[in-house]
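Position one of the sequence shown corresponds to residue 146 (the working numbering), numbered consecutively onward.
Take a look at the structure below.
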Amino acid sequence: MVKRMPKKLKRRYHEQGGRCWYCGLPTWSRRNETRLQARDRLGIVAGTPDASKALRKRLATCEHLHRVVDGGGNGLRNIVMACAGCNVGRGDRDPMTWLAEVQAALAAGTHWWQAYAAAARAHLEGVVAGTVKGQVSAAQAAAALATGLLDPPPRFAAPCPPGEAGKDGEHGSEAGEQTQGGAAQARPAPSAAAPRAP
Ligand SMILES: [Zn+2]
């Protein structure tokens, strides 16, 4: 089922190239695709451990940098797109602190997606070898492994900037593709602290 995405979320989704503001992982939305399509695109295979959970965590959500419970507004300047996993996982942390934590986990290989991917890979390799009975056939498992979506080391350290998080009413995603390999400092600070482009 394909649903509509809220306007602000849609805008951030496109500005960020569909990638989470914290972890940089591609996300998905029911507006753009079905669960099945999203699973295939993201490398989440039916029957792998925690596949449904992984898919839920990769869902695109509206993230209020200044939390609503702390008085944060609903304006675009306060909103970025984050995956559900990062959104929920943040808790009451400051966004830049959480960003640093997520990036550190990815660099250390301890991020939840890396754990999922490793377990999924092992499961699929077992299906291919015939030692594990999976929901998919050996051929399908081999094909899923061949996509490389579950391979380490993933190139995650390139989250797109929030676009123009501090500027309402302007376009400006030209920086979106320029942060390959960049770390947190490549990302404009959230909210009004973002410098204004000429
Ligand atoms: Zn994320």
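From the three backbone atoms N, C-alpha and C, an ideal C-beta is built for every residue, glycine too.
Quiz item: Hey, out of 261, 259 and 287, whose CA is closest to residue 269's CA?
Solution: Taking the sequence shown and counting its residues from 1, one reaches residue 269 at position 124. The closest CA to that of residue 269, considering only 261, 259 and 287, is found on 287.
Practice problem: May I ask you to report which of helix, strand or coil DSSP gives residue 200? | Solution: Position 55 of the sequence shown holds residue 200. The answer is helix: DSSP assigns residue 200 an H, G or I state.
Quiz prompt | Opening and closing residue of the alpha helix (DSSP H) in which residue 270 lies | solution = Here residue 270 refers to the residue found at position 125 when the sequence shown is read from its first residue. Looking at the DSSP string, the run of the alpha helix (DSSP H) that includes residue 270 is 257-274.
Self-check item: Whether residue 226 touches residue 154 by CB criterion (8 angstroms)
Solution: Stepping through the sequence shown from its first residue, residue 226 is reached at position 81. Stepping through the sequence shown from its first residue, residue 154 is reached at position 9. Result yes, Cβ atoms of residue 226 and residue 154 sit closer than 8 angstroms.
Quiz item: Whose C-alpha, out of 176, 297 and 264, is nearest the C-alpha of residue 191?
Solution: Position 46 of the sequence shown holds residue 191. Comparing Cα-Cα distances from residue 191 to each of 176, 297 and 264, the minimum goes to 264.
Practice problem: Out of 273, 197, 291 and 256, state which residue places its alpha-carbon closest to the alpha-carbon of residue 169. | Solution: The residue labelled residue 169 in the question sits at position 24 within the sequence shown. Out of 273, 197, 291 and 256, 256 has the C-alpha closest to the C-alpha of residue 169.
Exercise. Name the one or two DSSP bridge partners that residue 211 has.
Key: Residue numbering aside, residue 211 sits at position 66 when the sequence shown is read from its first letter. For residue 211, no pairing in a beta bridge is given by DSSP.
Quiz prompt | Check whether residue 294 and residue 216 have beta carbons under 8 angstroms apart | solution = For this step, residue 294 is matched to residue 149 along the sequence shown. For this step, residue 216 is matched to residue 71 along the sequence shown. In this structure, the beta-carbon distance from residue 294 to residue 216 does not fall below 8 angstroms.
Self-check item: residue 243 versus residue 292 - alpha carbon distance
Solution: Taking the sequence shown and counting its residues from 1, one reaches residue 243 at position 98. Taking the sequence shown and counting its residues from 1, one reaches residue 292 at position 147. Roughly 30 angstroms separates the two Cα atoms.
Quiz item: residue 206 by DSSP, collapsed to three states: which one?
Solution: As a first step, residue 206 must be located in the sequence shown, where it is residue number 61. Residue 206 falls in the strand class under three-state DSSP.
Quiz item: Can you pull the DSSP bridge partners for residue 227?
Solution: As a working mapping, residue 227 is identified with position 82 in the sequence shown. DSSP, once it has assigned bridges, lists 206 as partnering residue 227.
Quiz item: In three-state DSSP terms, what is residue 238?
Solution: Position 93 of the sequence shown, counted from the start, is the residue given in the question as residue 238. DSSP places residue 238 in coil when its eight states are reduced to three.
Quiz item: Taking the alpha-carbon positions, what's the residue 210 to residue 277 distance?
Solution: By one-based count along the sequence shown, residue 210 stands at place 65. By one-based count along the sequence shown, residue 277 stands at place 132. If you draw a straight line from the Cα of residue 210 to the Cα of residue 277, it comes to about 43 angstroms.
Quiz item: Quick one, are the C-beta atoms of residue 204 and residue 184 less than 8 angstroms apart?
Solution: Here residue 204 refers to the residue found at position 59 when the sequence shown is read from its first residue. Here residue 184 refers to the residue found at position 39 when the sequence shown is read from its first residue. Contact flag unset, no.
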